[in-house]
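Residue numbers (the numbering used here): 1 to 186. Note that beta-carbon positions come from the ideal geometry of N, C-alpha and C, so glycine has one too.
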Amino acid sequence: MDCVFWQHPRDVTDSRAKQRWMGGVERSFGPWGRVVNDGADQRGMIQYGPAAAFPRARVLPAGPASMAGALITCAFLEGDDRVGTFERLLLEALADLKARRIPSVDAFALRYSDEVSLAERFTAHQTLFDRTYLQRFGFQSVRANGQVSLMRLDLGGLEPGRAVGSLSRLAARIRPQMPGIRPEPV
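Right, here's the structure in full:
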């Protein structure tokens with residue numbers, strides 16, 4: 001799985017440039033994503049990191065993202081329950097960013113018409129996320145340009161004990177439905 005869209009403001013970078021970029025982000029930020037595996041099968045992946053590391057975020061409609069926060073850039077989703085997989089990955093990412101004391105997290109979102117079902121909004125590869133879905137998690141629109149919005153969630157007000165408790169309760173509800181699946185750092 002590869003997501004090079006964010007790593008250059010205008011065109012795709014070559015593989016050596018991508019490897020240098022990945023190494024630099026990992027050295028300065030640490031792991032910058034999460035993976036959900038079901039045994040040997042990968043169910044999904046989410047990529048996020050310091051917004052300053054993703055030059056494309058400065059030139060997108062509704063941008064730029066906050067350089068002081070993190071940016072969720074892309075997700076790859078497999079299987080029948082792409083919405084559920086994305087939810088697990090998003091919660092893991094938010095918990096990780098909160099633990100790192102990142103003040104906020106941004107994501108670029110697309111406003112879908114009501115005729116588009118939730119399942120249709122979650123394709124295998126996402127770089128623009130469903131605006132309505134992000135709002136359910138507390139993200140708020142910062143700016144919009146046409147159908148594209150920059151969404152932000154302030155992590156400063158979340159209390160670590162409550163977030164962990166909420167994640168534990170959610171995980172307890174999810175595990176019986178999908179045994180053996182657990183998010184792992186990238």
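Here's a check: name, in chain order, each residue in its chain whose Cβ is nearer than 7 Å to the Cβ of residue i, leaving out the five neighbours to either side.
{"i": "Ala-93", "result": "Arg-34, Ile-46, Tyr-48 and Ile-72"}
{"i": "Gln-147", "result": "Leu-110 and Arg-111"}
Around the C-beta of residue i, are 16 or more other C-beta atoms found within 10 angstroms, so that it is buried, or is it exposed?
{"i": "Met-67", "result": "exposed"}
{"i": "Val-105", "result": "buried"}
{"i": "Ser-149", "result": "buried"}
{"i": "Leu-60", "result": "buried"}
{"i": "Asp-96", "result": "buried"}
{"i": "Gly-44", "result": "buried"}
{"i": "Asp-81", "result": "buried"}
Just the Cα atoms here: how many angstroms apart are residue i and residue j?
{"i": "Ser-28", "j": "Glu-115", "result": "43 Å"}
{"i": "Glu-26", "j": "Arg-131", "result": "28 Å"}
{"i": "Pro-64", "j": "Arg-58", "result": "4 Å"}
{"i": "Lys-18", "j": "Ala-52", "result": "16 Å"}
{"i": "Ala-75", "j": "Arg-16", "result": "22 Å"}
{"i": "Arg-187", "j": "Pro-55", "result": "There is no way to answer for residue 187, as the model of the chain reaches only from 1 to 186."}
{"i": "Pro-31", "j": "Pro-50", "result": "11 Å"}
{"i": "Gln-135", "j": "Phe-122", "result": "15 Å"}
{"i": "Phe-139", "j": "Leu-153", "result": "4 Å"}
Based on DSSP bridge pairs, tell me the residues matched to residue i.
{"i": "Asp-96", "result": "Paired residue(s): none; Asp-96 is not in a bridge."}
{"i": "Gly-23", "result": "In DSSP, Gly-23 forms no bridge with anything."}
{"i": "Phe-108", "result": "Leu-150"}
{"i": "Ala-75", "result": "Ile-46 and Gln-126"}
{"i": "Arg-143", "result": "Leu-150"}
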